[in-house]
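Student: Going down the list, the protein sequences come from chains P and L.
Here my numbering is used: the first residue of the first sequence is 305, the next is one more, and so on.
Here my numbering is used: the first residue of the second sequence is 18, the next is one more, and so on.
We put the CB at the ideal spot given by N, CA and C, even for glycine.
What follows is a single structure, and I will ask about it in a moment.
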Amino acid sequence: MASGSVEGEQSSLADDYDALISTTDVELLKRAWRNEKAAPEILRFESDLITRVREQIELMEETVEEKLTVGTDPLSVSLYQMDLDRTLFLLRSYLRIRILKIEKYMFHIRKTEELWNRLSKDEKFFTERCTDDLKKHLEESVLSKLPENYQSYERQSVISEEDDMVPEPRLDTFVLCRSKEYLTGIQLEDGPVDDRSKLFEMEPDVLYFICYKSIKSLVESGKIDLL
Amino acid sequence: MYGRKACQLVKEFASGEKGQLTPFNNDLFDQVVAECSQHHGELQSLIRKMQEEGLDVQTARNADHYGALIHLFSIVRNKRCLTAYVYNRAETIRNLLWKIGPVIPKEIEEKLNHWEEEYFKKHSAALKSYMSKVLVDLTVDMVPPKDPYIQVRVLEDIREGIVLSDDKNPNFARHSMHFLKRTDAEKYISRGLMEELTG
């Protein structure tokens, strides 16, 4: 009996510890990074989180610097350095994935207000430059040489009724995801039409392989994590 | 056959190895462009003919209408192929920037046409300006770091422009081996001047 209660205490302590760890900025960044990596479209820029992570990186750099000058034992310095490098990698990779997505779908992002508003100030500036450069490149190499009615980079010809030449991310790809809580009432947007009226449920901490479109809004609101 | 040349152009790109460029096919490219003008001319003359016959171009469904449609679709198809060719090459060029940095080696430069070189320079400037604003170099640290230091071997003498984060000035002579910070070594590895020694 006694041992049981100690175990229970320990596991609740471990739970507390997990809960605490999962709210540190580095863990939050890891989550944002994983989501960004797995989502086919660009997600909202985590500007507050990134600002905090940057401050922490600066702090860590100062600590490492300080320890180096004081000359405390090299092992602990190297551990601090490793921690710093890992955080830096996460930050770089997060920003890089976003830039790669922007490069790939720049025209689509620029003309879709919802996506445009998800970018940071610097990313917006970058996207503007990118789209201008690529547009100019396409115009100079191809479009200016074509007959007058076919010179748009967005439309095949003047009689197209919508922008039919802009590459868009495929939102109907499948993603691996996990929910932290019990979710219900998810409308599936793929599969046979008869099945679509049935609502889908998600158990917490179970992995699902599901069409991104169906859970798009839940990823955006932070209820579901992608893997 | 209409559209065959454009198809060849796209096939040429698609059959190349991913991430590798073949020389820009100016010859075929210009031929497809010329084909577009030709189709356009014929399209215009068919429409004029219908107008002269007093037909409403929007609603008339005679042989000339369908003939004109074929020319229209041929132009549109050629346009798609031409744009796809340039667009996908541009994508490969952007990826080069990530793989080998802002300096293109001579053998790749020869494969680009004038506009593509311009585009590469401009895009690399845009990326550089973004990185200088966010104060993070995104071109290093491409793989998750296991250890902050790695063992490398120098493949070619590196004499100039050695910048390390610890302000030391090492002698990177050919075949010498060093224990460097990963972030410092990565730029040399990507340029083929060093190799990582594993296990």
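Could you give the DSSP three-state label for D467(P): helix, strand or coil?
Tutor: coil
Student: Taking a contact to mean a Cβ-Cβ separation below 9 Å, would you say V381(P) touches K371(P) in this structure?
Tutor: yes
Student: Identify, in the order they occur along the chain, each residue of the same chain with its Cβ nearer than 6 Å to the Cβ of Y205(L), setting aside the five sequence neighbours on each side.
Tutor: M211
Student: Whole angstroms is fine: what's the gap from N186(L)'s alpha carbon to L530(P)'s?
Tutor: 45 Å
Student: Compute the Euclidean distance between the alpha carbons of E465(P) and F90(L), then round it to the nearest angstrom.
Tutor: 15 Å
Student: With DSSP collapsed to three states, give me the class of L214(L).
Tutor: coil
Student: Compare the Cα-Cα distances from V164(L) to each of R390(P), K341(P) and Q360(P) and report the closest residue.
Tutor: A small correction: the amino acid at residue 164(L) is Asp; Val does not occupy that position in the sequence shown. Among R390(P), K341(P) and Q360(P), the Cα nearest to that of D164(L) is on R390(P).
Student: Considering only DSSP beta bridges, list what R482(P) is partnered with.
Tutor: L511(P) and D529(P)
Student: Where does the unbroken beta strand (DSSP E) through T488(P) begin, and where does it stop?
Tutor: Segment L487 to Q491, the beta strand (DSSP E) holding T488(P).
Student: Give the secondary structure of H195(L) by DSSP, where H, G and I count as helix, E and B as strand, and everything else as coil.
Tutor: strand
Student: Is the stretch 26 to 35 of chain L close to the stretch 50 to 64 of chain L, with three or more CB pairs under 8 Å?
Tutor: These segments do not touch.
Student: Answer with buried or exposed for Y147(L), where buried requires no fewer than 16 other C-beta atoms within 10 angstroms of its C-beta.
Tutor: Under this definition Y147(L) is a buried residue.
Student: Would Q460(P) count as contacting chain L if we go by Cβ distances under 9 Å?
Tutor: yes
Student: What is the rounded straight-line gap between the Cα of T376(P) and the Cα of K198(L)?
Tutor: 20 Å
Student: Quick check on the DSSP output: the beta strand (DSSP E) that includes Q385(P) runs from which residue to which?
Tutor: Element bounds for Q385(P): not the beta strand (DSSP E) but the alpha helix (DSSP H), P378 to K408.
Student: In the DSSP assignment, the beta strand (DSSP E) including M506(P) goes from what residue to what residue?
Tutor: L503 to M506
Student: By the three-class DSSP mapping on this structure, what secondary structure does R422(P) have?
Tutor: coil
Student: Excluding the 5 residues preceding and the 5 following A343(P) in the sequence, name in chain order all residues of the same chain whose CB lies nearer than 8 Å to its CB.
Tutor: V479, Y516, V523 and L530
Student: R106(L) to T488(P), Cα distance in whole Å?
Tutor: Going by the C-alpha atoms only, they are around 45 Å apart.
Student: Assuming R170(L) is part of the beta strand (DSSP E), what are its boundary residues?
Tutor: Y166 to V171
Student: Using a Cβ-Cβ distance under 9 Å, would T200(L) count as near chain P?
Tutor: Yes, T200(L) counts as interfacial toward chain P.
Student: May I ask you to verify whether the stretch 441 to 460 of chain P touches the stretch 65 to 74 of chain L, counting CB pairs closer than 8 Å and requiring at least 3?
Tutor: The stretch 441 to 460 of chain P vs the stretch 65 to 74 of chain L: no contact.
Student: Tell me the rounded alpha-carbon separation between L144(L) and M410(P).
Tutor: Each residue's alpha carbon lies about 14 Å from the other.
Student: Quick one: residues in its chain with C-beta nearer than 8 Å to the C-beta of S307(P), no 5 flanking neighbours on either side, listed in chain order?
Tutor: Model confidence at S307(P) stands at a pLDDT of 45, short of 50, so the residue's coordinates are unreliable and nothing is read from them.
Student: Show which residues of chain L have a CB atom less than 8 Å away from the CB atom of V330(P).
Tutor: Ordered by position in chain L, no residue passes the 8 Å Cβ test against V330(P), which lies about 14 Å from the chain.
Student: Among the residues of its own chain, which have a CB less than 8 Å from the CB of R348(P), if the five just before and after it don't count?
Tutor: R422 and E524
Student: Could you name the residues of the same chain whose beta carbon sits closer than 8 Å to that of D437(P), not counting the 5 residues immediately before and after it, in chain order?
Tutor: Result list for D437(P): empty, nothing under 8 Å.
Student: Looking at the structure shown, is G308(P) part of a helix, part of a strand, or coil, going by DSSP?
Tutor: Because the pLDDT of G308(P) is 46, which lies under 50, any placement of that residue in the model is unreliable, and the question is left without a value.
Student: Just by C-beta distance, which residues in the stretch 114 to 127 of chain L are closer than 7 Å to chain P?
Tutor: none
Student: Buried or exposed: where does L383(P) fall if 16 or more other Cβ atoms within 10 Å of its Cβ makes it buried?
Tutor: exposed
Student: Determine which residues share a DSSP beta bridge with I175(L) and list them.
Tutor: F189(L)
Student: Could you check which residue in N112(L), T100(L), E127(L) and A85(L) has the C-alpha nearest to that of S448(P)?
Tutor: For S448(P), the closest of N112(L), T100(L), E127(L) and A85(L) by C-alpha to C-alpha distance is T100(L).
Student: For V50(L), decide whether its Cβ has a neighbour in chain P, counting only Cβ atoms nearer than 9 Å.
Tutor: yes
Student: When DSSP labels each residue in this structure, what does Q61(L) get in the three-state scheme?
Tutor: helix
Student: Can you give the Cα-Cα distance for D352(P) and R176(L), rounded to whole angstroms?
Tutor: 43 Å
Student: Verify the CB distance criterion: does M386(P) have a CB-CB separation below 9 Å to chain L?
Tutor: yes
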